[in-house]
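Trainee: Position one of the sequence shown corresponds to residue 11 (our numbering), numbered consecutively onward. All C-beta atoms, glycine included, are put in the ideal place defined by N, C-alpha and C.
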Amino acid sequence: MSETQESTGNSANSPIRVLVVDNDKSHAQAMAETLERVDYDCTVATSGPDGAQFIDQDSFDVVITDLVMNEVDGEEILRRSKEALPDCEVIVVTGHASVPKAVEAMQQGAFNFLEKPLTPDRLRAVTEKAADAVRLKLANVDLHQRLDERFGFEGIIYASDKMKAVIERVKRLAPTDASVLITGETGTGKELIAQALHQNSPRRKKPFVALNCAALSEHLLESELFGHVRGAYTDAQTDRVGRFEYAHGGTLFLDEVGDMPMPTQIKLLRVLESGEIVRVGENKPVNVNVRVLSATNRDLEVAIEEGRFRHDLYHRLKVITVDLPRLADRRDDIIPLCDHFRKQFTKRHKKTVRGISGAASRKLFAFDWPGNVRQLRNVVESMVVIDTDEILDVDDLPMELEESRSPVETTPESGPAGLIGQPLSEIERWAVEQTLKLTGGNREESAKILEIGARTLYRKIKEYGL
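#1: Look at the Cβ atom of Thr129, then the Cβ atom of Ile101, and state whether they are nearer than 9 Å.
#2: Nearest to Leu231 by CA position, among Leu202, Pro212, Glu201, Met272, is which residue?
#3: Near Pro25, which residues of its chain fall below 8 Å by C-beta distance, leaving aside the five closest residues on each side in sequence?
#4: Give the DSSP-derived three-state secondary structure of Pro433 in the structure shown.
#5: Between Gly291, Ile87, Ile401, Lys216, which has its C-alpha nearest Gln247's C-alpha?
#6: Can you look up Phe377 in the DSSP assignment and give me helix, strand or coil?
#7: What alpha helix (DSSP H) runs, 4 residues minimum, are completely inside the segment 35–103?
#8: Please list, in chain order, all residues of the same chain as Val418 whose beta carbon is under 6 Å from its beta carbon, the five residues on each side excluded.
#9: May I have the straight-line CA-CA distance separating Asp171 from Leu264, to the nearest angstrom?
#10: So what does DSSP say about Glu16, is it helix, strand or coil?
#11: With DSSP as the reference, label His482 as helix, strand or coil.
#12: DSSP three-state label for Ile167, please.
#13: Is the beta carbon of Ser367 closer than 9 Å to that of Leu402?
#14: If distances are taken between C-alpha atoms only, which option among Lys174, Ala224, Lys215 comes closest to Thr196?
#15: Would the segment 193–209 count as touching the segment 237–255 if we require 3 or more Cβ pairs under 8 Å?
#16: Can you have a look at His325 and say buried or exposed, based on whether 16 or more other CB atoms are within 10 angstroms of its CB?
#17: Tell me the DSSP secondary structure of Leu231 in three-state form.
#18: For Val267, which residues in the same chain have their Cβ closer than 7 Å to its Cβ, ignoring the five residues on either side in sequence?
#19: Count Cβ pairs between the segment 26–42 and the segment 72–87 that sit closer than 8 Å; are there 3 or more?
#20: Cβ of Val109 within 9 Å of Cβ of Phe123?
#21: Can you look up Ile26 in the DSSP assignment and give me helix, strand or coil?
#22: Could you tell me the alpha carbon to alpha carbon distance between Thr421 and Ala441, rounded to whole angstroms?
#23: Given that a residue counts as buried once 16 or more other Cβ atoms are within 10 Å of its Cβ, and exposed if not, what is Ile115?
#24: Does the Cβ of Arg387 have 16 or more other Cβ atoms within 10 Å, making it buried, or fewer, making it exposed?
#25: Answer with buried or exposed for Glu234, where buried requires no fewer than 16 other C-beta atoms within 10 angstroms of its C-beta.
#26: Measure from the alpha carbon of Leu146 to the alpha carbon of each residue in Cys98, Ser435, Asp131, Asp397, then state which is nearest.
#27: Are Leu337 and Val300 close, meaning C-beta to C-beta below 9 Å?
#28: Please classify Gly199: is it buried, with 16 or more other beta-carbons within 10 angstroms of its beta-carbon, or exposed?
#29: Within its chain, find whatever has a CB closer than 8 Å to the CB of Lys139; leave out the 5 residues flanking it on each side and keep chain order.
#30: Please tell me whether Asp97 has its Cβ less than 9 Å away from any Cβ of chain C.
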């Protein structure tokens with residue numbers, strides 16, 4: 011127990027910090043000692059002004075305050091706690107005569123009240139319930155932080171100009187309620203972009219619900235989307251809520267929407283126009299408030315020409331489009347992605363992997379990646395799993411990459427051919443810049459590849475402003 015304590019932040023797994031405020035010093039210390047025996051971290055304030063000062067200067071999870079005190083009373087402690095510590099829970103302590111005031115305090119935001127004389131068991135029980143409420147709040151904060159890290163813009167790994175343009179577009183679209191059609195090859199990260207759109211929108215605290223439209227038959231897809239009532243079809247033994255209702259207030263992501271059967275397309279269009287769904291086997295409409303994001307790896311305009319996709323639904327879904335490039339068209343992202351996946355899978359598989367060799371980096375950089383980012387992720391995971399010397403090298407590569415001989419294709423605008431006739435300094439600058447990209451900025455590895463000294467490379471970096 012301490013009279014003063016340095017301010018600390020808290021998390022869902024940290025000890026619960028309790029502030030006890032009571033004019034009666036012996037009573038305050040007795041409460042603190044009772045709680046400290048079950049591992050609460052307690053601070054005692056023996057007057058209302060002292061309690062108010064602690065609240066202003068420190069951080070607590072639970073505040074236990076006597077209701078009747080001189081100068082600053084328990085109601086003022088409650089008010090200050092709620093203002094300064096929004097995640098904190100406040101328990102008020104009262105004598106029998108002031109129980110109505112305690113009930114009033116609960117209406118103003120107190121968690122509960124304790125009536126004197128206190129018993130240790132009652133004190134611990136009420137404090138534990140308050141602590142559980144705090145832990146739940148903190149767990150939700152931790153969850154949102156992890157979602158931000160995973161699905162926020164800072165969680166998307168990119169260095170290429172093409173992906174910078176994509177992210178800038180997504181940032182502009184996220185705060186709106188517009189329907190977005192995300193296009194790109196399989197494995198380019200369409201669902202990750204959908205999650206980023208949701209996580210950075212006003213709907214972020216509501217559900218994000220995803221459904222792959224290519225994985226289900228027509229009847230199952232309609233049941234998944236709209237729900238069904240018991241007896242709607244042979245296997246419908248109970249009522250079922252559909253994805254639209256689960257996503258109410260949030261976002262519904264329809265992946266591979268180009269594979270949706272035509273009858274289901276008609277029903278989806280009706281929902282988008284009316285904001286109402288009808289469960290399979292029922293006629294009663296249900297209002298839904300959902301932002302719809304969709305994705306496809308198909309050319310929907312060709313599908314429209316061939317009669318496989320509705321023209322009106324297409325324009326409902328693609329109010330705005332986001333086109334994701336192939337990984338082979340954003341090669342500047344390959345090495346940063348490799349390093350990100352290396353760290354991710356090193357942690358997951360409890361391995362020590364300090365980096366990726368230059369030879370392996372060149373192979374990874376040069377490969378065409380028909381499976382895009384998903385394939386790269388799987389390759390790096392397999393390399394981490396089989397590695398034995400703490401460096402991912404050529405001998406850790408899977409067969410298809412180990413045998414790859416094809417160099418990176420270049421264009422006259424961006425590759426060596428475009429440097430013909432340029433000053434030697436431009437050619438040198440290009441070589442240094444590309445090598446740094448290849449190694450993910452590793453200067454030691456870059457110097458080895460360029461066959462120059464580390465000091466020379468450092469001088470070139472400064473000279474060319476890289």
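Mentor: In short:
#1: No, Cβ-Cβ distance for Thr129 and Ile101 is not below 9 Å.
#2: Met272
#3: Asp49, Tyr50, Asp51
#4: For Pro433, the secondary structure class from DSSP, reduced to helix, strand or coil, is coil.
#5: Gly291
#6: coil
#7: 35–46, 58–67, 84–94
#8: Confidence at Val418 is low in this model, with a pLDDT of 47, below 50, so its placement is unreliable and the value that follows should be read with caution. Excluding sequence neighbours, Val418 sits near Ala376.
#9: Going by the C-alpha atoms only, they are around 28 Å apart.
#10: Confidence at Glu16 is low in this model, with a pLDDT of 34, below 50, so the placement of that residue should be treated as unreliable; the coordinate-derived value is given next. In the structure shown, Glu16 sits in coil (DSSP, three-state: anything other than H, G, I, E or B).
#11: As shown, the chain starts at 11 and ends at 476. That puts residue 482 outside it, with no answer to give.
#12: Residue state for Ile167 is assigned as coil, using DSSP reduced to three classes.
#13: Closer than 9 Å, so yes.
#14: Distances from the CA of Thr196 to each of Lys174, Ala224, Lys215 were compared; the closest alpha carbon is that of Ala224.
#15: Under the 8 Å Cβ criterion, the segment 193–209 does not count as touching the segment 237–255, having fewer than three qualifying pairs.
#16: exposed
#17: helix
#18: Cys223, Ser304, Ala305, Thr306, Leu327
#19: yes
#20: yes
#21: Looking at Ile26 - three-state DSSP - the assignment turns out to be coil, as it is neither helix nor strand.
#22: Annotation note: pLDDT 40 at Thr421 (below 50); position unreliable, no value reported.
#23: Note on identity: in this sequence residue 115 is Ala, with Ile being the wrong assignment. With 16 or more Cβ atoms within 10 Å of its Cβ, Ala115 is classed as buried.
#24: buried
#25: buried
#26: Cys98
#27: In this structure, Val300 does not lie closer than 9 Å to Leu337 by Cβ.
#28: When all chains shown are included, Gly199 counts as buried.
#29: Phe121, Asn122
#30: Checking the listed chains, one finds no chain C in this structure; it contains a single protein chain.
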